[in-house]
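Report on the following structure.
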Amino acid sequence: MKLYISEGNPHCLKVVAAVELTLVQCDVQCVNHEERVVPFLSRPALPALLLPSGGHLFSSNAICQYLFETSGRKPNPLINQWLEWETTELQPALLQALHMAVLQGKATEASKILQGPLSYLDQCLSKGTTPCLTEESVSVVDVVLWGALHPFLSDSSPALGEWRCVQAWFERLAGEEACQAAVLKVLPGKGLEVLKPFVQRQPAPASSQRRDPQSCNSTASEAEDAVRVVSEEEMEAAALTWSRGLTACTEPPEKSHPILPQEGRRNLLLTSALPYVNNVPHLGNIIGCVLSADVFARYGRLRGWNVLYVCGTDEYGTATENKAREEGLTPQQICDKYHAVHAEIYSWFQVDFDFFGRTTTPKQTEIAQDIFWRLHERGFLLEDTVEQLRCEGCRRFLADRFVEGGCPHCSYPEARGDQCDKCGKLINAVELKNPLCKVCSKTPIIQSSKHLFLDLPKLESQLEQWLDKSTAAGDWTPNAKQITRSWLRDGLKPRCITRDLKWGTPVPHPDFKDKVFYVWFDAPIGYLSITANYTDQWEKWWKNPEQVELYNFMAKDNVPFHSVVFPSSLLGAQDNYTLVNHLVATEYLNYEDTKFSKSRGVGVFGDMAKDTGVPSDVWRFYLLYVRPEGQDSAFSWADMALKNNSELLNNLGNFINRAGMFVTKFFEGCVPAMELLAEDKTLLAQVGWELRQYISLMDKVKIRDGLKHILNISRHGNQYIQINEPWKKIKGGDQDRQRAGTVTGVSVNIACLLSVLLQPYIPTTSRTIREQLNAPAACVSTMLHAGGSFVCSLPAGHAIGTVSPLFQKLEADHIEALKKKFGGQQPEDEPPVKKAQKVAPDAAVAAAPVAVNDGAVVSGADPERAKQLMQAVAEQGDKVRVLKGQKAEKAAITLEVNKLLDLKKQLALAEGKSAEPTAPQKGKKK
Amino acid sequence: MALKELSSLEKFLGLKKHNKYSTQGDNKVPVLQSNNGPMVGLLTVCSHLVNEAKRPELLGTSTEHRAMVHQWLEYRVTKVDGCTREEAKTVLKDLNLYLQDKVYLAGNCFTLADALMYYGLHPLVVDLAVHEKEHYVNVTRWFDHLQHYPRLRHHLCPVVVLRNRVYISGHH
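Next comes the structure, spelled out in structure tokens:
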């Protein structure tokens, strides 16, 4: 028998130790790292054992087990479980940690990665009755784990930290002669340096998770997900907490308006980005701002904080003017109409604003003009002339997207005012050759016009000082910090704050009297004016940074305006404004792997959600479940049905319903007496731990991660019921019946806890559960107080109400129909012009594509999208060619070709052309 | 995925009682609650099922044989599961070479390693184009043998590996 090892390869440590320990006769040969010993493996694999039969073992654990078994030790299932844990849980963490420690010199971070596995190991050791892992003497498991951990634990590294049991165990192993001999042979020299040549040859570890795109950014380390073994102390502590029951805590007072900051409480002011009035918001908009803020506002109220949540519609600007012209209404009428649409959508989604206002109010004018004058007086505004195109026919200056002409770079005749669709270069509208007004097709003239600029460079250092403090102390999402940093790094330039428009807040300066404020200056002031419309005492919120914490919720595209531009205005105005403390930005939500697109009818828009027949709570649940926290995510119908059926129905709903039904059926609707056994206490400890995780995540606005812990609780609960089978025990003797009672009582109390935790996410269901359980009001404040405590809130004898199922299955055909309906395949038979005309707020019509081929309106073209599509077309084209090259099945080719044609059509639309030309082109080629 | 696999294995082993499994963690590690506490991990649970069914020979009949089975089971969960496209190529290439002169993965008889490797490779093999199947001919031969192994296939679709002029896609 021959064993091949290489120096500095940590996997060789355990096998050499195993050889020494088992005294199996075996020739050990040291070879180079790159030596290919196993003939059929393309990557070198060491250690390797050449067996007497001529076969090869190339797994270090298999080798160790072979050696131990050869020396007469019996295999057992426990050994298998440990070895599996070592390869699937510990090794990936070790590889990652080695990479960090050896190649990047980040020893502390490396030891953090190991905390999870080490804590698991520690708990197992502390629970066990033998000094070694599986028996009295050293077994293969001890050798394998010792060898794996040796590089990190040998010189009492920080990784060992507080894991006392691991430390004792490790020291015992390290004292074995066999282990010492193995170290001398395999890892001569000190520290991790000796491992460097080995680690460099390993493929970089894919960071923790593999393949699953949905579960990427959870900061809770994987180890926390792994088996959490509960210690005696934890169990007793949990049982003690449980026995305390509800404190006579007073229910947080009913909301009484106006809500104002209060001395001695946490005062939170929440805003979500103001939705633009004449777009119907899509699901991405909804999850990005209003829904996220709503969950946090509800959570804050449950925690007993003093929360004010305001939002409203952003109503000024060119687009509104234009829409008004289109519909033959005044801009104000348009705003009134669409403001109502927005309000209705959010109310259907149960977004509980304290006030939902709008920006077209006298307060807006008053406050915006005040801030303007203060900036002006303090010398933070600059004057400059800007050349602009003006259409004499329409008697107005033309916004960039209302002018078309020859591209100055490539002469493409239909370039737009800001960018050329052909060459993609940015254009200054006045440089266009033969510019034409897109509304009346007349030639505009160049006219210079004076404008005011906010002097951002002058405010920069003040802004940076404030940002350093705010980002360090508050909960800014990583993307918010990063976007802000990149803006500052590029240096700030003066920004124009005025526009030649009518529909806006008028500039009060006499030299600029025909102008209005640019929307980016004006819109964020909406937060202040909306609050002012809510209460005259708005300054108690907005000029009170000492007492108030401000949270801004938005999607990431809005970050610079909230972190750089708006704070600069407020800092320059020097009026002790409340500036943002916590900036919470989401990434983007895609729709079935493409973008939401109003113009192509792709995606679900707020007003259609209610017509799907899917309840508002389910929408909320799913959107929050896939909330783009940390990275983009996608809405998918199939996934929504899956999550509804698996998580809501089978996990959560099933557990709560079963717990309630047992009380009703077996105990006449009254919670039975509970005698806690060790097993129950373990469960209480597990649930308590999940609850504390939930609270610590939610305090940091990790909304999606918080939801995971709720679902974990009901998973624990289901497992608990499944193992204890109260429905069987109830038919047994006295002892069994009592057991059934305890299990039922504990379960129904967990259901009560769940109703509280769910309230921010799915408020209607939460209320229903509490009604069904007849839950006392005080349970909220008790359980969510401070770090969270899981107490018995439904004591023995408590009478519950009528229990009924909470969720319904989403059937595949229903979902399939919805997917088709919102998939964006435009009905060919409907004339496009007609579609453009009926852009109305009602559901069916809003789904229709808007104004793609109608020359008068430009909103159909979308250069960003076009670029993506161009890429997609190229890729799909390649795919088809490959398939044809492979002579693949005809149906398969046709399928891919159809996809390609569809993409081409979409591209044409995104480029603002009619979809037809692709076909004749193809004809010409042939 | 792992759960379907477990239920197929139960059927293969002819176990009358069907266990309920849960999963833990983002990698959906299967867990079986037993009287001796939870059993965690696909291999652990599968080995347990084999013992339940009183078929210890499926885990190997000698020390060497058991080590071989262990090694290929480990290979399945560490190298095959969750592998990228590139890694999949290496896996197929290596197995193809290994199976050149073998009928089964470990020794001369069917073992648990064959069953789990078949379940694990199925998604890779389904995606292979016909010429790739021809390229990995030993894997394909072994795979076809396994999918026709009595009562093994269950939750998976049969993959057509026939080498004739009529090209048929693997998806059904």
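Chains as they are written, first to last, in full-length UniProt numbering: chain A, 1 to 926; chain B, 1 to 172. Glycine residues also receive a C-beta, built at the ideal position from the N, C-alpha and C atoms.
In the structure shown, what three-state DSSP assignment does residue i receive?
{"i": "Asn434 of chain A", "result": "strand"}
{"i": "Ala555 of chain A", "result": "strand"}
{"i": "Arg211 of chain A", "result": "Because Arg211 of chain A carries a pLDDT of 34, less than 50, the predicted location of this residue cannot be relied on, and no value is offered for it."}
{"i": "Ile769 of chain A", "result": "helix"}
{"i": "Thr446 of chain A", "result": "At residue 446 of chain A the sequence reads Ile, which differs from the Thr that was named. Residue state, collapsed to three classes: strand."}
{"i": "Cys670 of chain A", "result": "strand"}
{"i": "Pro506 of chain A", "result": "strand"}
{"i": "Phe621 of chain A", "result": "helix"}
{"i": "Ser461 of chain A", "result": "helix"}
{"i": "Thr385 of chain A", "result": "strand"}
{"i": "Lys425 of chain A", "result": "coil"}
{"i": "Val255 of chain A", "result": "Going by the sequence as given, residue 255 of chain A is Lys instead of Val. Three-state result, Lys255 of chain A: coil."}
{"i": "Cys12 of chain A", "result": "helix"}
{"i": "Phe655 of chain A", "result": "helix"}
{"i": "His150 of chain A", "result": "helix"}
Alpha carbons only, please: which of the options is nearest the one belonging to residue i?
{"i": "Gln772 of chain A", "options": "A:Pro131, A:Pro261, A:Val144 and A:Ala799", "result": "A:Ala799"}
{"i": "Arg395 of chain A", "options": "A:Ala480, A:Lys502, A:Leu583 and A:Ala319", "result": "A:Lys502"}
{"i": "Leu149 of chain A", "options": "A:Glu136, A:Gln123, A:Leu192 and A:Pro131", "result": "A:Leu192"}
{"i": "Ala817 of chain A", "options": "A:Val614, A:Gly288 and A:Asn581", "result": "A:Val614"}
{"i": "Asn283 of chain A", "options": "A:Ile656, A:Val663 and A:Leu624", "result": "With the sequence shown as reference, residue 283 of chain A is identified as Leu, and Asn is not the correct amino acid for it. Per the Cα distances, A:Leu624."}
{"i": "Leu895 of chain A", "options": "A:Gln906, A:Lys879 and A:Lys905", "result": "A:Lys879"}
{"i": "Leu570 of chain A", "options": "A:Gly526, A:Ile721, A:Asp607 and A:Ile723", "result": "A:Gly526"}
{"i": "Ala778 of chain A", "options": "A:Thr247, A:Cys124, A:Ile703 and A:Lys481", "result": "A:Thr247"}
{"i": "Asp418 of chain A", "options": "A:Tyr412, A:Asn428 and A:Cys410", "result": "A:Asn428"}
{"i": "Leu21 of chain A", "options": "A:Asn9, A:Gly733, A:Gly147 and A:Asn749", "result": "A:Gly147"}
{"i": "Met608 of chain A", "options": "A:Lys450, A:Leu758, A:Asp617 and A:Pro281", "result": "A:Pro281"}
{"i": "Gly107 of chain B", "options": "B:Leu59, B:Asn27 and B:Pro38", "result": "B:Leu59"}
{"i": "Leu648 of chain A", "options": "A:Ala740, A:Ser696, A:Leu754 and A:Gln738", "result": "A:Leu754"}
Excluding sequence positions up to five away, which residues of its chain have a Cβ less than 8 Å from the Cβ of residue i?
{"i": "Leu57 of chain A", "result": "Ala48, Leu49, Leu51, Ile63 and Tyr66"}
{"i": "Glu236 of chain A", "result": "Lys681"}
{"i": "Val199 of chain A", "result": "Leu98, His99, Val102 and Leu103"}
{"i": "Leu676 of chain A", "result": "Ala239, Trp242, Leu684, Thr742 and Val746"}
{"i": "Glu10 of chain B", "result": "His18, Asn19 and Leu49"}
{"i": "residue 928 of chain A", "result": "Nothing about residue 928 of chain A can be reported from this structure: the residues present for chain A run from 1 to 926 only."}
{"i": "Ile815 of chain A", "result": "Trp637, Ala638, Met640 and Ala641"}
{"i": "Asp27 of chain A", "result": "Met1, Lys2 and Leu3"}
Across which residues does DSSP place residue i in a beta bridge pair?
{"i": "Ser34 of chain B", "result": "B:Gly37"}
{"i": "Gly312 of chain A", "result": "A:Gly357"}
{"i": "Gly406 of chain A", "result": "A:Lys433"}
{"i": "His155 of chain B", "result": "Bridge partners of His155 of chain B: none, in fact."}
{"i": "Asn590 of chain A", "result": "A:Ala634"}
{"i": "Leu391 of chain A", "result": "Correcting the residue identity first, residue 391 of chain A is Cys in this sequence and not Leu. Looking at the DSSP assignment, Cys391 of chain A forms a beta bridge with A:Arg396."}
{"i": "Asn267 of chain A", "result": "A:Asn306 and A:Val548"}
{"i": "Gln24 of chain B", "result": "B:Val29"}
{"i": "Tyr4 of chain A", "result": "A:Gln29 and A:Ala48"}
In chain order, what residues of the same chain have a beta carbon less than 7 Å from the beta carbon of residue i, not counting five sequence neighbours either side?
{"i": "Val166 of chain B", "result": "No answer about Val166 of chain B holds up, because its pLDDT of 44 lies below 50 and its placement is not dependable."}
{"i": "His716 of chain A", "result": "Leu683, Gln686 and Val687"}
{"i": "Val290 of chain A", "result": "Ser272, Cys311, Tyr346 and Val351"}
{"i": "His171 of chain B", "result": "Model confidence at His171 of chain B stands at a pLDDT of 46, short of 50, so the residue's coordinates are unreliable; what they give is reported in the following sentence. Once the five neighbours on either side are set aside, the close Cβ partners of His171 of chain B are Val126."}
In chain order, what residues of the same chain have a beta carbon less than 6 Å from the beta carbon of residue i, not counting five sequence neighbours either side?
{"i": "Lys307 of chain A", "result": "Residue identity check: residue 307 of chain A is Val in the sequence provided, not Lys. Leu268, Ala297, Gly300 and Arg301, listed in sequence order."}
{"i": "Asn558 of chain A", "result": "Ala273"}
{"i": "Leu901 of chain A", "result": "none"}
{"i": "Arg244 of chain A", "result": "Val791"}
{"i": "Leu492 of chain A", "result": "Leu456, Pro457 and Glu460"}
{"i": "Asn552 of chain A", "result": "Thr271, His562, Val580 and Leu583"}
So with Cβ pairs under 7 Å, would you call residue i a contact of chain D?
{"i": "Asp94 of chain B", "result": "Among the protein chains of the structure shown, namely A and B, there is no chain D."}
Listed from N- to C-terminal order along the chain, which residues in the stretch 10-26 of chain B have their beta-carbon within a distance smaller than 8 Å of any beta-carbon of chain A?
Against chain A - using a Cβ distance shorter than 8 Å - the residues of the stretch 10-26 of chain B are Lys20, Ser22, Gln24, Gly25 and Asp26.
Given a limit of 7 Å on CB to CB distance, which residues of the stretch 77-89 of chain A reach chain B?
Under the 7 Å Cβ criterion, the stretch 77-89 of chain A contributes Pro77, Asn80, Gln81, Glu84, Trp85, Thr87 and Thr88.
Any residues in the stretch 55-79 of chain B with a beta carbon nearer than 8 Å to a beta carbon of chain A? Which ones, in chain order?
When C-beta distances to chain A are compared with 8 Å, the residues of the stretch 55-79 of chain B below that value are Thr63, Glu64, Arg66, Ala67, Met68, His70, Gln71, Glu74, Tyr75, Val77 and Thr78, in chain order.
Counting only Cβ-Cβ distances shorter than 8 Å, please list the residues of the stretch 37-48 of chain A near chain B, keeping chain order.
Here the close residues are Pro39, Phe40, Leu41, Ser42 and Arg43.
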